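Chemist: Just dropping this structure here.
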Amino acid sequence: MFPLRDHNPSTRTPFVVYALIAANVIVFLSYWGLFANPVALDRFFMDWALIPAAISEGMHLHGLFTSMFLHGGLLHLGGNMLFLWIFGDNLEEEFGHLGFLAFYLAGGLAAGLAQYVTAPYSTVPMVGASGAIAAVMGGYLLLFPRARVDILIFLIIIIRILPVPAWLMLGLWFGLQLFAGVSTPSDAGGVAYWAHAGGFVAGLALTLPLWLRRGGPGFWARTHGHPPHPEARYRPTTIPPVRRRR
108 MFPLRDHNPS TRTPFVVYAL IAANVIVFLS YWGLFANPVA LDRFFMDWAL IPAAISEGMH
168 LHGLFTSMFL HGGLLHLGGN MLFLWIFGDN LEEEFGHLGF LAFYLAGGLA AGLAQYVTAP
228 YSTVPMVGAS GAIAAVMGGY LLLFPRARVD ILIFLIIIIR ILPVPAWLML GLWFGLQLFA
288 GVSTPSDAGG VAYWAHAGGF VAGLALTLPL WLRRGGPGFW ARTHGHPPHP EARYRPTTIP
348 PVRRRR
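When the letters of the sequence shown are read in order and numbered with the working numbering, they come out as residues 108 to 353.
Next comes the structure, spelled out in structure tokens:
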């Protein structure tokens with residue numbers, strides 16, 4: 108189950124989303140050559156990633172921030188940027204440019220702290236923007252729970268594009284992070300599930316004041332959980348880019 112686009116167009120150009128994608132790509136390209144030298148790459152990550160054991164010793168606190176702009180490979184980078192592209196523009200429209208930037212960074216810091224708390228003595232470096240992007244997903248769920256999201260489903264040899272409500276796709280994603288977090292040792296390498304879950308919860312909490320200003324349950328009642336504007340319509344046989352409404 109892989110998201111391709113949502114049906115929730117925005118009216119404002121998401122300059123911060125563009126800038127964050129560009130920053131992540133530029134940073135990744137800056138150390139791309141190190142992937143041919145695993146020792147040098149490990150040393151680089153030990154200097155700039157989030158190392159829980161170092162944080163516990165009061166060292167490398169900068170890793171809480173710098174780790175948000177590092178990725179372990181092209182697929183890692185591409186997947187994160189796709190999620191940011193799909194869900195970030197609507198959050199930026201709601202929060203404003205500077206407000207969204209503060210939201211994104213705060214969500215990323217909260218995600219890193221969540222991973223740290225679960226394994227404070229782990230020496231495994233954590234990298235990736237997925238914690239901050241999980242915060243974006245949590246905020247999106249609170250504001251637009253019934254916005255349609257097109258997902259790509261692989262059923263052995265059958266590939267389908269299926270529109271589903273955001274609450275289903277994002278709720279399943281969050282549930283999987285919790286399940287995997289509970290069933291996987293926190294100090295093991297691999298996916299930082301608790302960073303994902305922590306970022307998602309942080310995004311919900313950071314969006315709650317905005318949701319309440321919009322009317323809270325009354326906002327949902329007026330929109331029935333859908334975006335408060337006409338949804339984008341796509342031909343079922345094509346995959347065009349996410350559009351902005353005019």
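Each residue gets a CB set at the ideal place from its N, CA and C atoms; glycine is no exception. Nothing here was measured: the structure is a model prediction, and the numbers come from that model.
Determine whether the beta carbon atoms of L191 and F152 lie at a separation below 9 Å.
Modeler: Along the sequence shown, read from residue 1 onward, the residue named residue 191 stands at position 84. Along the sequence shown, read from residue 1 onward, the residue named residue 152 stands at position 45. Taking 9 Å as the Cβ cut-off, L191 and F152 do not qualify as a contacting pair.
Chemist: So, is M233 buried or exposed, given that buried needs 16 or more other C-beta atoms within 10 angstroms?
Modeler: Stepping through the sequence shown from its first residue, residue 233 is reached at position 126. M233 comes out buried.
Chemist: How close, in whole Å, do the beta carbons of N197 and N115 come, if the pair is a contact with beta carbons under 8 Å?
Modeler: Walking along the sequence shown from the start, residue 197 turns up at place 90. Walking along the sequence shown from the start, residue 115 turns up at place 8. The pair is a contact, with the Cβ atoms about 5 Å apart (cut-off 8 Å).
Chemist: Given a cut-off of 9 Å, decide if G238 and A299 are closer than it, judged by their beta-carbon atoms.
Modeler: In the sequence shown, counting from the first residue as 1, residue 299 sits at position 192. In the sequence shown, counting from the first residue as 1, residue 238 sits at position 131. The answer is yes: Cβ separation under 9 Å.
Chemist: Is it right to say I346 is buried, meaning 16 or more other beta carbons lie within 10 angstroms of its own, or is it exposed?
Modeler: Looking up residue 346 in the sequence shown gives position 239. Residue confidence for I346 is low, a pLDDT of 45 falling below 50, so the modelled location carries little weight and cannot support an answer.
Chemist: Quick check: what's the CA-CA separation for T344 versus I268?
Modeler: Against the sequence shown, residue 344 aligns to sequence position 237. Against the sequence shown, residue 268 aligns to sequence position 161. At T344, the pLDDT of 46 sits below 50, so the modelled position is not reliable and the matter cannot be decided from this model.
Chemist: Using only alpha-carbon positions, find the residue among R119, L248, T314, A217 that is nearest to L279.
Modeler: Numbered from its first residue, the sequence shown carries residue 279 at position 172. Nearest of R119, L248, T314, A217 to L279, Cα basis: L248.
Chemist: My understanding is that A254 touches H333, with C-beta atoms under 8 Å, so please give their C-beta distance in whole angstroms.
Modeler: The residue labelled residue 254 in the question sits at position 147 within the sequence shown. The residue labelled residue 333 in the question sits at position 226 within the sequence shown. Sure, about 6 Å apart at Cβ, within 8 Å.
Chemist: Along the chain, which unbroken stretches of the alpha helix (DSSP H) at least 4 residues long are found entirely within the segment 136 to 207?
Modeler: 145 to 155, 159 to 163, 170 to 173, 181 to 202
Chemist: Express the C-alpha separation of P335 and R329 in angstroms, rounding to a whole number.
Modeler: The residue given as residue 329 occupies position 222 in the sequence shown. The residue given as residue 335 occupies position 228 in the sequence shown. Going by the C-alpha atoms only, they are around 8 Å apart.
Chemist: What is the rounded straight-line gap between the Cα of H303 and the Cα of F281?
Modeler: In the sequence shown, counting from the first residue as 1, residue 303 sits at position 196. In the sequence shown, counting from the first residue as 1, residue 281 sits at position 174. Approximately 8 Å, taken between the alpha carbons.
Chemist: Would you mind working out which of L262, I266, M244, F286 sits nearest L275, comparing C-alpha positions?
Modeler: The sequence position of residue 275 within the sequence shown is 168, counting from 1. Closest option to L275, Cα to Cα, is M244.
Chemist: Quick one: Cα of G199 to Cα of T314, how far?
Modeler: By 1-based counting over the sequence shown, the position of residue 199 is 92. By 1-based counting over the sequence shown, the position of residue 314 is 207. Residue 199 is actually Glu in this sequence, not Gly. Cα to Cα, the separation comes out at about 12 Å.
Chemist: So, for P227: in the same chain, excluding its five sequence neighbours on each side, which residues have a beta-carbon less than 6 Å away from its beta-carbon?
Modeler: Locating residue 227 in the sequence shown gives position 120, counting from the first residue. Hits under 6 Å: P159, S163.
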